[in-house]
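Okay, structure first, notes after.
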Amino acid sequence: MESLSVVILAAGKGKRMYSALPKVLHPIGGQPMLARVIATARQLQPAKIVVVYGHGGEQVRATIQDVDVEWALQAEQLGTGHALKMALPHLPKNGHTLVLYGDVPLTTLATLQQLLAAANGGMSLLTDVLADASGYGRIVRNAGDIVAIVEDKDCNAEQKAIREINTGMLVLPNARLEGWLSELRNGNAQGEYYLTDVIALAVRDGIAVPGVTVAASWEAAGVNNKLQLAELERQLQLNQARALLTAGVTLADPARIDIRGQLEHSEDVSIDVGCVFEGHVKLGAGVQIGAYCVLKNVTVAAGTRIAPYSHLEEAEVGAGCQLGPYARLRPGAKLADHVHIGNFVEVKKSTIGSGSKVNHLTYIGDADIGSKVNVGAGTVTCNYDGVNKFRTTIGNGVFVGSGSMLVAPVTLEDGATIGAGSVITRTAPAEQLTVARAKQLTIPGWQRPQKKS
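Here it is as structure tokens:
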């Protein structure tokens with residue numbers, strides 16, 4: 007279609023959301039509703055995208071910083087027709103404009119492509135068919151084309167039986183826009199200028215208005231309250247789960263997975279219940295993820311197993327690793343192949359070499375650990391002096407006994423062994439045993455204090 011523009015109406019206050027956050031910024035699938043609509047519109051490769059904003063405008067613009075978006079202010083919310091009029095200065099005189107809504111987040115690219123194709127140089131309107139159309143404007147057709155939208159209160163008995171309703175999304179010819187919008191009147195109970203009134207103007211001017219019906223009602227569903235937002239969130243997650251299943255991922259329960267970003271995967275990936283994926287997550291072949299894990303901006307290589315209740319963020323995990331349960335990888339954690347990270351182990355801003363094990367109740371922060379290292383339970387890299395962070399360096403084949411404190415900056419050379427309970431403050435030499443702990447004493451005759459009666 008020549009010179010396509012997309013206008014997204016996003017000025018509404020959203021009173022029924024009962025929130026200080028502008029309605030179009032409420033998240034669905036991990037991103038603001040408006041951002042999701044913009045992303046879908048961008049796939050149409052329009053000449054421009056114009057967002058009409060109003061309530062909470064500064065917050066909306068501060069959140070949506072897409073460089074390819076133009077902004078039109080609707081200072082007073084006087085209806086959808088008035089909103090589109092605010093966008094007119096941004097639109098070319100020729101071509102077509104697709105009107106979308108910032109609180110209708112799940113319309114698919116395929117449906118919008120159908121809508122554009124149906125316009126065929128003129129107009130088109132997106133409709134829906136409901137089991138109960140009560141309260142909605144009915145679509146009246148003649149020989150297939152739409153000739154009127156009749157509000158529910160104005161319907162006669164025959165029109166009341168119509169189940170096809172208006173979604174508000176439509177394609178308009180730019181050459182007619184200014185004239186039609188100037189003819190809109192606000193003589194209604196709301197005192198607003200309705201964009202849907204251009205349908206009657208188009209019919210008057212002899213322009214056909216074909217209708218395209220959505221394949222599923224959720225594509226045209228808007229959000230006016232938290233209940234509707236939650237319902238669409240579940241629908242989006244179910245859509246994504248079905249896509250994963252179709253692509254060969256094993257899901258223990260497609261109703262219990264949340265993808266709040268992008269999830270890439272290879273073959274034979276399995277995901278147990280209650281897992282959450284945020285940002286960009288990439289899973290290699292044969293990766294297994296246990297129940298109730300959270301992964302955010304993580305790459306996991308082939309064959310790795312992540313046990314339940316593990317939390318990984320901004321981390322890289324090599325092939326054939328074993329993590330958890332209750333493992334935590336914080337930003338900057340980078341594991342080589344065949345690393346074991348066990349229960350209640352936290353790793354932050356550290357690299358761990360191939361075949362190393364950190365299996366129990368341990369904190370590894372700001373450290374570089376070689377291959378074939380064993381870190382005993384209760385070990386802590388003491389990396390922070392209250393002002394600065396320091397690094398711990400552990401060579402290949404090192405054995406760290408349980409309950410050791412490694413006070414950075416410190417180095418454990420290749421093959422070093424650290425006795426359990428040691429506090430290491432200086433370099434531990436290669437291939438030697440280093441023990442740093444107080445001498446054990448027994449005090450003869452000592453008695454434990456007793457409470458005075």
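Here the sequence shown is numbered in the numbering used here, starting from 7 and rising by one per residue. Ideal Cβ placement from N, Cα and C applies to all residues, glycine included.
Measuring alpha carbon to alpha carbon, tell me which of the options ends up nearest residue i.
i                 : options                           : result
asparagine 303    : Gly309, Tyr315 and Ala321         : Ala321
leucine 104       : Arg336, Val57, Ser410 and Leu439  : Val57
threonine 385     : Gly392, Val393 and Ala414         : Ala414
proline 331       : Lys340, Ala339, Asp372 and Ile347 : Ile347
glycine 212       : Val30, Tyr199, Gly101 and Arg182  : Arg182
leucine 90        : Gln65, Val73 and Tyr59            : Tyr59
threonine 117     : Val306, Gly217 and Ala444         : Gly217
glycine 228       : Ala16, Ala47 and Lys395           : Ala16
threonine 399     : Leu235, Asp372, Ala206 and Leu335 : Asp372
phenylalanine 350 : Asp160, Met129, Ala313 and Ala342 : Ala313
alanine 307       : Gln246, Lys340 and Arg191         : Lys340
glycine 141       : Asp151, Ala124, Ala125 and Asn172 : Asn172
glutamine 71      : Ile55, Gln80, Ala81 and Glu82     : Ile55
glutamate 164     : Gly193, Leu178 and Arg147         : Arg147
glycine 1         : Gln438, Gly254 and Gln37          : Here the chain covers residues 7 to 459 and nothing more, so residue 1 does not appear.
leucine 257       : Leu238, Gly280 and Glu270         : Gly280
Using a Cβ-Cβ cut-off of 6 Å (strictly less than) and excluding sequence neighbours within five positions of residue i, which residues of its own chain qualify?
i                 : result
phenylalanine 405 : Asn380 and Thr423
arginine 311      : Gln294 and Gln328
glutamine 241     : Trp224
arginine 334      : His317 and Glu352
glutamate 198     : Leu84, Gly85 and Asn192
From which residue to which residue does the alpha helix (DSSP H) around residue i run?
i            : result
threonine 96 : Before going on, a small fix: residue 96 reads as histidine here, not threonine. Careful: histidine 96 lies outside any alpha helix (DSSP H) and carries neither H nor E.
valine 306   : Element bounds for valine 306: not the alpha helix (DSSP H) but the beta strand (DSSP E), 300-306.
lysine 166   : 163-166
glycine 185  : 180-189
leucine 269  : Per DSSP, leucine 269 belongs to no alpha helix (DSSP H); it is in the beta strand (DSSP E), 263-271.
arginine 468 : Residue 468 lies beyond the range of the chain shown here (7 to 459); nothing can be said about it.
alanine 41   : 39-48
In the structure shown, what three-state DSSP assignment does residue i receive?
i              : result
valine 255     : coil
lysine 355     : coil
aspartate 158  : helix
lysine 457     : coil
leucine 235    : helix
leucine 378    : Note that residue 378 corresponds to lysine in the displayed sequence, not to leucine. Coil at lysine 378, not helix or strand.
glycine 228    : coil
aspartate 203  : helix
alanine 223    : Note on identity: in this sequence residue 223 is serine, with alanine being the wrong assignment. Correct three-state label for serine 223: helix.
arginine 336   : coil
asparagine 245 : helix
arginine 443   : coil
alanine 89     : helix
threonine 117  : helix
arginine 397   : coil
valine 110     : coil
alanine 125    : helix
leucine 250    : helix
alanine 78     : strand
leucine 31     : helix
valine 293     : coil
For residue i, which residues of its own chain have a beta-carbon under 8 Å away from its beta-carbon, when the five flanking residues on both sides are left out?
i              : result
histidine 344  : Gly324, Ala325, Gly326, Cys327, Ser360 and Gly361
valine 527     : No answer is possible for residue 527: it lies beyond the span of the chain, which begins at 7 and ends at 459.
cysteine 388   : Met411, Leu412, Val413 and Ala414
glutamine 234  : Ala227 and Gly228
proline 52     : Leu10, Ser11, Val12 and Leu104
glycine 376    : Gly359, Ser362, Ile400, Gly401, Asn402, Gly403, Val404 and Asp420
asparagine 180 : Ser9, Ser11, Leu97, Pro98, Lys99, Asn100, Gly101, His102 and Thr103
Write down the C-beta distance between residue i and residue j rounded to the nearest angstrom, noting that I regard them as a contact closer than 8 Å.
i             : j             : result
aspartate 264 : valine 282    : 5 Å
leucine 176   : leucine 131   : 5 Å
serine 408    : glycine 382   : 4 Å
serine 115    : glutamine 49  : Inspection of the sequence shows that residue 115 is occupied by leucine rather than by serine. So it is a contact: roughly 5 Å between Cβ atoms.
alanine 297   : aspartate 278 : 4 Å
alanine 261   : leucine 250   : Contact flag wrong, Cβ pair sits at about 13 Å.
cysteine 18   : aspartate 203 : Correcting the residue identity first, residue 18 is glycine in this sequence and not cysteine. Rounded, the Cβ-Cβ distance is 19 Å, inconsistent with contact.
valine 43     : leucine 106   : 6 Å
glycine 62    : proline 111   : The Cβ separation is near 17 Å, so there is no contact.
valine 220    : aspartate 134 : 5 Å
methionine 23 : glycine 108   : Their Cβ separation, rounded to whole angstroms, is 13 Å, which puts methionine 23 and glycine 108 out of contact at 8 Å.
valine 287    : glycine 267   : 7 Å
glycine 425   : threonine 440 : 7 Å
Provide the residue span of the beta strand (DSSP E) that contains residue i, from first to last.
i              : result
lysine 54      : 54-59
arginine 144   : 144-148
asparagine 365 : 363-371
valine 135     : 130-135
valine 413     : 411-413
valine 12      : 10-16
threonine 310  : Where threonine 310 is concerned, there is no enclosing beta strand (DSSP E), given that its DSSP letter is neither H nor E.
histidine 286  : 281-289
threonine 433  : Premise fails: threonine 433 is in no beta strand (DSSP E) and is neither H nor E.
Got a sec? Which residues, its chain only, sit under 7 Å from residue i by beta carbon, not counting five neighbours each side?
i             : result
glutamate 157 : Gly143
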